[in-house]
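A.B. asks: Residue numbers (our numbering), protein chains in the order written: chain A, 1 to 345; chain B, 1 to 345.
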DNA sequence: GTGAAAGCGCTAACAA
DNA sequence: TTGTTAGCGCTTTCAC
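#1: If you measure from the beta carbon of residue 44 (chain B) to each beta carbon in chain A, is any gap under 8 Å?
#2: Distance check for residue 308 (chain A) and residue 35 (chain B), CA to CA, integer angstroms please.
#3: When you compare the region 219-226 of chain B with the region 162-180 of chain B, are there three or more beta-carbon pairs, one atom per stretch, that lie closer than 8 Å?
#4: Can you list the residues of chain B that residue 253 (chain A) reaches, using a CB-CB cut of under 7 Å?
#5: Quick one: which chain B residues come within Cβ less than 7 Å of residue 47 (chain A)?
#6: Which residues does DSSP pair with residue 243 (chain A) in a beta bridge?
#7: Would you say residue 216 (chain B) reaches chain A, if we count a Cβ-Cβ gap shorter than 8 Å as a contact?
#8: Quick one: any contact between the region 82-96 of chain A and the region 39-59 of chain A, if contact means 3 or more CB pairs under 8 Å?
#9: Out of A:170, A:27, A:83, A:39, which has the shortest C-alpha to C-alpha gap to residue 121 (chain A)?
#10: Check distances from the C-beta atoms of the region 218-238 of chain B to those of chain A and list, in chain order, the residues that come in under 9 Å.
#11: Alpha carbon to alpha carbon, how far is residue 272 (chain A) from residue 74 (chain A)? Give it in angstroms, no decimals.
#12: With DSSP run on the structure shown, which of helix, strand or coil describes residue 285 (chain B)?
#13: Counting only runs of 4+ residues fully inside the region 72-158 of chain A, write out the alpha helix (DSSP H) ranges in chain order.
#14: Is it buried or exposed for residue 18 (chain A), if we count other Cβ within 10 angstroms and need 16 for buried?
#15: In the region 74-108 of chain A, which residues sit with their C-beta less than 7 Å from some C-beta in chain B, listed in chain order?
#16: Using the beta-carbon of each residue, which ones in chain B are nearer than 8 Å to residue 245 (chain A)?
#17: Please report the straight-line C-alpha distance between residue 97 (chain A) and residue 237 (chain B), rounded to a whole angstrom.
#18: Can you find a CB in chain B that lies within less than 8 Å of the CB of residue 279 (chain A)?
#19: Which bits of chain B does residue 60 (chain A) rub up against, with CB to CB less than 9 Å?
#20: Under a CB-based cut-off of 8 Å, is residue 71 (chain A) close to chain B?
#21: Could you spell out where the beta strand (DSSP E) holding residue 321 (chain B) opens and where it closes?
#22: I need the straight-line Cα distance from residue 79 (chain A) to residue 10 (chain A), nearest angstrom please.
#23: Name the residue from B:111, B:278, B:62 whose alpha carbon lies nearest to the alpha carbon of residue 346 (chain B).
#24: Give me, in chain order, the residues of the same chain whose beta-carbon lies closer than 6 Å to that of residue 158 (chain B); leave out the 5 immediate sequence neighbours on both sides.
#25: For the candidate residues A:285, A:258, A:76, whose alpha-carbon lies nearest to that of residue 275 (chain A)?
#26: Return helix, strand or coil for residue 313 (chain A), following the three-state DSSP convention.
#27: Quick one: grab the DSSP three-state call for residue 218 (chain A).
#28: How should residue 31 (chain B) be labelled, buried or exposed, when 16 other C-beta atoms within 10 angstroms of its C-beta is the threshold for buried?
#29: On the three-pair Cβ rule with 8 Å, is the region 194-208 of chain B touching the region 160-170 of chain B?
#30: Do the CB positions of residue 105 (chain A) and residue 127 (chain A) come within less than 8 Å of each other?
#31: Would you verify that the beta carbon of residue 28 (chain A) is, or is not, closer than 8 Å to some beta carbon of chain B?
#32: Can you find a C-beta in chain A that's less than 8 Å from the C-beta of residue 54 (chain B)?
#33: On a Cα-Cα basis, can you pick out the residue from A:218, A:56, A:3, A:239 that is closest to residue 45 (chain A)?
#34: Take the Cβ of residue 248 (chain B) as the centre, count every other Cβ of all protein chains shown within 10 Å, and call the residue buried at 16 or more, exposed below.
#35: Would you say residue 325 (chain B) reaches chain A, if we count a Cβ-Cβ gap shorter than 8 Å as a contact?
#36: When the Cα atoms are used, what is the spatial distance from residue 67 (chain B) to residue 191 (chain B)?
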């Protein structure tokens, strides 16, 4: 059987409390006593039982992270950032994926799958504001991603409208006149709305067309969806000279279609993605992309959860935190002369 | 405060045990009583405290999954498979990443980071057999990946030697005479050894060269490492007509270098990767790759852990489980005529 | 500075 | 079929 505090106490000839004091680094223990107890701990190979500690303290040391899908490298990299940030605070991360489906997101937000957690970081896709309004769970919830819910939860995101405008401005600055948007969402919710808005605002400001014929809606957000959307636009007879995609996988899928059709990137059509995924740096044509500071997002999300956990949840206003982003220019817009072909920049 | 069994019992006017019976779906409860209790549960919004249950039962309902890195889409997809398989058994997954570094892998295997788990699935890179021999943890451990440790732990993997031979045979079958291997590992451990062995065996059997000049060692296994390795081979003066890479990201990195140098794939150099990552299906040249059955690996790993958990850990021999794999032929070896360009096949 | 004892919420004997 | 109770291993008052 496992050795418990009691065993150690018996072995050292002291009370349970004293052992506990040593284990928890309590201040007022004489060095001699500390060493004596420590010797017993080592001798017996004692390891504290976390379940008991959790039961007693009401904390588990676990936060849950619920992402749409790990297959998208952006989310995989984000998960890595969250895990590291949590580790810095001695927290471990329970991972779940929702497939971006509303019911799953609701279940997760209600703590259905994981009731052993101190907090939850959720990156929703289809979730609607009302789904969160009657949340019974009392563990802190932090939202990630581009949708703005205006609910009493912290929210970490980059400025999606500004980021989209920057991307489009880059294209118009290169002389592109007809910029398509790939990755608007079919159905009721429109998670891409901020990026679509930025796209539209920037084009309108430049006096360029931003009509619906230039927007391709998709069901999902993978390579195949991007390829399908690009195909649809080309088949519609429209011939944009630039494409702004909701994310990198879609941009890469679109580039594949352009390649198959013999259209050159960027000469015939320039392409900009979003997320700055590693994959975009190694294609035959490297991909210009908006690069969110994933590391910061992960860190801020963890800190946000842990702060709420500290107890000021009710007191403090919900915070809207803006993480940084920047545009990384590569071959898909500026051609082979692009600086740092396969590098970071 | 949280509502407990006691509160529900008081509310329903029954004993704690009866509520517990209802919560745990115990057989012998009269329907009337069950409904009455259920009504109180709903009214109070009762949720069982898992920490307490855990303390009592000694089970947490959590298994840990430790992977080298999430950035590699193979591992991300594998993580998704494990999460789904675990969910099917009402288990949730704690995720950790080791960076493929030995010390981290040792810490994880000793349960350092997560002591609240029922079992552990570990995909080691640098871990050495002796690191596991004095494992104090008593929770079941299941190993993933290509290294064969010959230790008393279950091990789920594909037949790497056979897979590598299949890949190389595909290349020689296409008339390639000089097949390089990218992705052997520098340093003491050699996780790629089975794939290198398969590569060597197949070439030797075909009477073709398999000398060290054709093997490029790398520090890591990302796109950049593949690119660097390819560069080194070309700069060495060697001009292979085919490359077999340890994994898809490396193969894609290598293809980028070939592209930059004006070498055509597959005409000048054919390329085969490993893992069949989505990304490989959407490049300018789609990638032929060995496709392991990730879904099966995830499922088998979870089942393996849970079986051991069942208690027969000591009784049963450690199992070596072989998951399936197959070669998916795409443009990087057979050219544009390849069937199913961007599709699954 | 250290010890004794209560109790976190739950499950499982055992009793009724 | 339902109730009573002990105790999982720990932390935490409160004495000493």
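Backbone N, C-alpha and C define an ideal beta-carbon position, used for all residues, glycine too.
C.D. replies: Looking at the atomic coordinates:
#1: no
#2: 37 Å
#3: no
#4: 282
#5: 115
#6: A:180, A:271
#7: no
#8: no
#9: A:83
#10: 222, 223, 224, 226, 227
#11: 16 Å
#12: coil
#13: 73-87, 102-109, 129-133
#14: buried
#15: 76, 77, 79, 80, 83, 92, 93, 94, 95, 96, 97
#16: Correct list: empty, because the minimum Cβ distance to chain B is about 12 Å.
#17: 47 Å
#18: yes
#19: 50, 51, 116
#20: yes
#21: 320-323
#22: 44 Å
#23: An answer regarding residue 346 (chain B) cannot be provided, because it is not within the stretch 1 to 345 covered by chain B.
#24: 292, 323, 325
#25: A:76
#26: Low confidence applies to residue 313 (chain A): its pLDDT is 48, below 50, so where it sits in the model is not reliable enough to give any reading.
#27: strand
#28: exposed
#29: yes
#30: yes
#31: no
#32: yes
#33: A:3
#34: buried
#35: no
#36: 14 Å
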